[in-house]
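Residue numbers (our numbering), protein chains in the order written: chain A, 2 to 261; chain B, 132 to 444.
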């Protein structure tokens, strides 16, 4: 009875949590709903009398979802749900695909003749898992572990501010990009991102003289950050529409107008 | 049911004890007189929090904001279900007790970030984010030292770890370095003392900045209960559980817990707040390798003297 109740409660939480991921506007809530769903699945492991798998799944899911919440909020355009936003796309196609998959899986569950084992679990499930991982399947797990570690180190090396070739600019040069011109090109884009110039399209076609002026007027600090998030987004999205705002910025960077 | 009520009463006493220790230490360090008023101050503060009107912020996320203190208190009590007072007095001696309470302590991240996100306010948000960034650095040495404790007992169950220590030697003697690393990371995981980076003065109070009224009281209760519980697990892991002369084991366990928790609470008044980047680096470069060396040494001893090891004898 207790096991049945546990199953029903956790199964409902898992399914409803998964559904709510797509109903919430807020990225934070959506990720927490997903976490709730996964944690409910972890608790389901208790029903399978696998306490170790329960605890370790619980632990891992929390870690993964906390990293997920960072990325969701960093990359989604409406992180806090303060603006109306749809989490679903192509609702009709998605509904058809979902229902078809559900019917298929249900059919598989109902049609398959699942074997029922009457063997009782070993007295210490955790030890059995340990012997399986470190005994018969040791080579597989160790190989996977080393591969994952390699991938992690590679990603850290590639994404660190100090990459393989030193700082950001030096890395770009070493990677074969033309350092000088490139930096200035982005510098222009960077200014556009701050408040966007009306003449942004022309800004990218700096003459060399204009470039020199840019440096003189003390904007080299800006061009030292070619990877600012505001760069391309601001530059491409609001070209002429943001005309009233830039007037403010324009005064500050008067020399740009001259250059263009 | 009686176990649940007993846990609630014991935790409440422990939290009150920590609050009083904190207050007395603060007065003592400041050179202020310590009297009855000092002892009563934490309870007066608690009542004042309860009486105060709740202060809203602009467009908060109320579910996450109010859910955070509730989750914090819940995770502490969930973790404490595997905490043995003696061989018999334990909520549930799970076969994977140490992994279970480590998993419950991972929920601290969830509660901390929700508390930072909820109020839609700058300083709590920064505090929540930076705590997540640090939590891995905290949790790795925490988990590795716990593995080193489970190794000689050949079990993840707290009951067997205690039984092994009582039959052989306390882990604090076998692996003193592990004990120290555990204490440091226990303080850090409970964001207390010199590691109070989630609710610290440098961010105008961090996640506590916008909390008021009942939720604030609940959060502060959960915070102290968290320090109490991370300190409490040092007793079955390193200090031989209820072992001790004359008194029954339950009393010994409680006394040891109060001693460890009180000592940890004092550190906040004796040491400055650690610098974020400094501790992040130290944790990765010093604490984690040290914890791995400790694990290696304990494993080597277990391999060299196999007859001496094994659960319970």
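Yeah, the Cβ is synthetic: ideal placement off N, Cα and C, and Gly gets one too.
For this session: Would you give the residue range spanned by the alpha helix (DSSP H) that residue 344/B belongs to?
Result: Under the DSSP assignment, residue 344/B falls in the alpha helix (DSSP H) whose first and last residues are 344 to 363.
Exercise. Mind checking if residue 446/B is an interface residue toward chain A, Cβ cutoff 8 Å exclusive?
Worked result: There is simply no residue 446/B to check, as chain B begins at 132 and stops at 444 in what is shown.
Problem set entry | Separation of residue 336/B from residue 258/B, as counted between CA atoms | Near 9 Å, if we compare the C-alpha coordinates of residue 336/B and residue 258/B.
Problem set entry | Endpoints, alpha helix (DSSP H) assigned at residue 296/B | Residues 289 to 298.
Problem set entry | Reference residue 235/B; option with closest CA among 381/B, 380/B, 402/B, 357/B | Just measuring C-alpha positions, the residue of 381/B, 380/B, 402/B, 357/B sitting nearest residue 235/B is 357/B.
Problem set entry | Presumed contact (8 Å Cβ cut-off) between residue 371/B and residue 297/B, rounded CB distance | Right, the Cβ-Cβ distance comes to about 6 Å (below 8 Å), so this counts as a contact.
Exercise. Which term fits residue 90/A, buried or exposed, when burial requires 16 or more other beta carbons within 10 angstroms of its beta carbon?
Worked result: Looking at its Cβ environment, which holds fewer than 16 other Cβ atoms inside 10 Å, residue 90/A is exposed.
Exercise. Nearest CA to the CA of residue 32/A: which residue from 60/A, 15/A, 6/A, 67/A?
Worked result: Out of 60/A, 15/A, 6/A, 67/A, 67/A has the C-alpha closest to the C-alpha of residue 32/A.
Problem set entry | For residue 15/A and residue 42/A, believed in contact at Cβ under 8 Å, the rounded distance | Going by Cβ atoms, the distance from residue 42/A to residue 15/A rounds to 5 Å, so yes, they are a contact pair.
For this session: Step through the CB atoms of chain A and report whether any lies within less than 8 Å of the CB of residue 241/B.
Result: Yes, contact with chain A.
Exercise. Where residue 129/A and residue 110/A are concerned, what is the direct C-alpha to C-alpha distance, given to the nearest angstrom?
Worked result: In a straight line, the C-alpha of residue 129/A is about 28 Å away from that of residue 110/A.
For this session: Would you mind working out which of 393/B, 412/B, 307/B sits nearest residue 154/B, comparing C-alpha positions?
Result: Closest option to residue 154/B, Cα to Cα, is 393/B.
Exercise. If we ignore side chains and look at the alpha-carbon of each, how far apart do residue 399/B and residue 345/B end up?
Worked result: Near 25 Å, if we compare the C-alpha coordinates of residue 345/B and residue 399/B.
Problem set entry | Boundaries (first-last residue) of the alpha helix (DSSP H) holding residue 218/B | No alpha helix (DSSP H) holds residue 218/B; DSSP gives it neither H nor E.
Exercise. Residue ranges of each alpha helix (DSSP H) run of no fewer than 4 residues wholly in the region 220 to 263 of chain B, ordered along the chain?
Worked result: Secondary structure in the region 220 to 263 of chain B: the alpha helix (DSSP H) runs of 4 residues or longer, each lying completely within the stretch, are 228 to 248 in chain order.
For this session: Please list, in chain order, all residues of the same chain as residue 494/B whose beta carbon is under 7 Å from its beta carbon, the five residues on each side excluded.
Result: Outside the displayed range of chain B (132 to 444) lies residue 494/B, so it cannot be described from this structure.
Exercise. Which chain A residues are close to residue 248/B, counting only those with a beta carbon under 8 Å from its beta carbon?
Worked result: 29, listed in chain order.
For this session: State buried or exposed for residue 190/B, treating a residue as buried only when at least 16 other CB atoms are found within 10 Å of its CB.
Result: Residue 190/B should be labelled exposed.
For this session: Could you spell out where the alpha helix (DSSP H) holding residue 316/B opens and where it closes?
Result: It spans 307 to 320 - the alpha helix (DSSP H) in which residue 316/B sits, taken as one unbroken run.
Exercise. Which of the three DSSP states, helix, strand or coil, is assigned to residue 131/A?
Worked result: Assigned with DSSP and collapsed to three states, residue 131/A falls in helix.
Problem set entry | residue 29/A versus residue 149/A - alpha carbon distance | Distance between the alpha carbons of residue 29/A and residue 149/A: 28 Å.
Exercise. Chain A beta carbons: is any one of them nearer than 8 Å to that of residue 437/B?
Worked result: No, residue 437/B lies away from the interface with chain A (no Cβ there is under 8 Å from its Cβ).
Exercise. Which of helix, strand or coil does DSSP assign to residue 190/B?
Worked result: Residue state, collapsed to three classes: coil.
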